[in-house]
Ligand code: MG
Ligand code: MG
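In our numbering, the protein residues as written are 45 to 299.
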């Protein structure tokens with residue numbers, strides 16, 4: 045079941061999205077060598093609380109998870125692709141960090157993720173983050189009325205393939221609105237002209253996860269959540285919540 049949002053709902057989702065952007069910005073500012081992932085989660089909790097927003101992550105337990113998620117952000121470092129549980133790990137120089145965050149405000153949800161490097165960047169990590177950003181940008185550019193979900197997936201996959209990166213085949217973007225995960229699913233790869241038709245008021249989270257080793261292979265860690273690359277290569281994950289509108293894609297989670 046796909047809910048097409050009214051323009052008032054899109055404006056309300058923008059407000060939720062602004063809180064997500066604020067929380068992500070605060071975690072990025074706080075991230076430094078020696079800071080723990082738990083401390084970054086606490087930073088995001090304060091931003092959500094001060095905005096009067098709830099967390100769609102905290103206590104979330106989808107079908108693939110063995111335990112409820114215990115934090116308001118996912119913090120995924122180096123070979124962790126996504127869904128990392130914040131813990132006492134202290135960030136080190138050169139770590140590649142992906143932070144995913146959601147917010148619920150006035151009954152509407154936003155969801156976004158950023159990837160960045162702590163301290164001294166490795167050129168290959170800079171290139172990986174750049175490719176992931178370009179994959180997201182291409183997906184957003186394809187999120188126009190008259191296209192289909194497959195056009196978004198194809199655009200994302202083309203950038204990942206050109207960069208020689210793998211993607212976890214079982215995870216991708218999703219519809220979003222009153223809840224964080226709604227229909228339709230947005231696969232990481234797809235065929236142009238196929239899938240659910242895009243129209244004004246459809247809201248999607250587009251979130252390429254690129255794995256630098258080039259394989260589409262990952263595993264779920266013993267914590268029941270963290271996705272890690274099978275080959276140990278580093279991964280990046282960048283996400284925005286986007287509305288399809290008559291005047292083009294509207295990114296709802298920009299700062
Ligand atoms: Mg997310
Ligand atoms: Mg998402």
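Where a beta carbon is used, it is the ideal one built from N, C-alpha and C, also for glycine.
Quantities reported herein were computed from a predicted structural model and do not represent experimental measurements.
Contact check, residue i vs residue j under 8 Å by CB: the rounded distance?
| i | j | result |
| --- | --- | --- |
| residue 254 | residue 187 | Residue 254 to residue 187, Cβ: 19 Å. No contact. |
| residue 132 | residue 297 | Residue 132 to residue 297, Cβ: 28 Å. No contact. |
| residue 79 | residue 135 | 5 Å |
| residue 184 | residue 250 | 6 Å |
| residue 234 | residue 291 | Wrong, their Cβ atoms sit about 24 Å apart, outside the cutoff. |
| residue 143 | residue 71 | 5 Å |
| residue 95 | residue 46 | 28 Å between Cβ atoms; not a contact. |
With distance defined between alpha-carbon atoms, name the residue in the options nearest to residue i.
| i | options | result |
| --- | --- | --- |
| residue 351 | 73, 108 and 229 | Since the first residue shown for the chain is 45 and the last is 299, residue 351 is missing from the structure and cannot be characterised. |
| residue 116 | 145, 94, 96 and 124 | 145 |
| residue 77 | 241, 240, 161 and 67 | 161 |
| residue 157 | 221, 80, 205 and 61 | 61 |
| residue 65 | 87, 53 and 246 | 87 |
| residue 227 | 75, 244, 217 and 181 | 217 |
| residue 56 | 100, 174, 103 and 152 | 152 |
| residue 121 | 277, 177 and 207 | 277 |
| residue 271 | 103, 214, 200 and 149 | 214 |
| residue 167 | 180, 150, 138 and 95 | 138 |
| residue 280 | 243, 288 and 258 | 258 |
| residue 191 | 252, 208 and 243 | 243 |
| residue 284 | 252, 265 and 268 | 252 |
| residue 265 | 67, 48 and 109 | 109 |
| residue 212 | 125, 206 and 98 | 125 |
How far does the beta strand (DSSP E) with residue i in it extend, from its first residue to its last?
| i | result |
| --- | --- |
| residue 273 | 271–273 |
| residue 262 | 262–264 |
| residue 290 | Note, residue 290: premise wrong, no beta strand (DSSP E); not H, not E. |
| residue 298 | Looking at the DSSP string, residue 298 is not in any beta strand (DSSP E), and its letter there is neither H nor E. |
| residue 121 | 117–121 |
| residue 95 | First-last for residue 95: undefined, no H or E at that position. |
| residue 281 | 279–281 |
| residue 207 | No beta strand (DSSP E) contains residue 207, which DSSP labels as neither H nor E. |
| residue 247 | 247–250 |
With respect to 6 Å, is the separation between the Cβ of residue i and the closest non-hydrogen atom of ligand 2 below this value?
| i | result |
| --- | --- |
| residue 249 | yes |
| residue 155 | yes |
Nearer than 6 Å: is that true of the beta carbon of residue i relative to any heavy atom of ligand 1?
| i | result |
| --- | --- |
| residue 283 | yes |
| residue 214 | no |
| residue 205 | no |
| residue 267 | no |
Have a look at the DSSP bridge pairing and note the partners of residue i.
| i | result |
| --- | --- |
| residue 192 | 241 |
| residue 161 | 140 |
| residue 145 | 117 and 156 |
| residue 253 | 281 |
| residue 134 | 80 |
If you follow the alpha helix (DSSP H) that residue i is in, where does it begin and where does it stop?
| i | result |
| --- | --- |
| residue 68 | 51–74 |
| residue 184 | 167–185 |
| residue 226 | Premise fails: residue 226 lies in the beta strand (DSSP E), 226–230, not in any alpha helix (DSSP H). |
CB of residue i to nearest heavy atom of ligand 3: below 6 Å?
| i | result |
| --- | --- |
| residue 144 | Looking for ligand 3 in the displayed structure turns up nothing; the ligands present are ligand 1 and ligand 2. |
Would you say residue i reaches chain D, if we count a Cβ-Cβ gap shorter than 7 Å as a contact?
| i | result |
| --- | --- |
| residue 264 | Looking for chain D here will not work: only one protein chain is present. |
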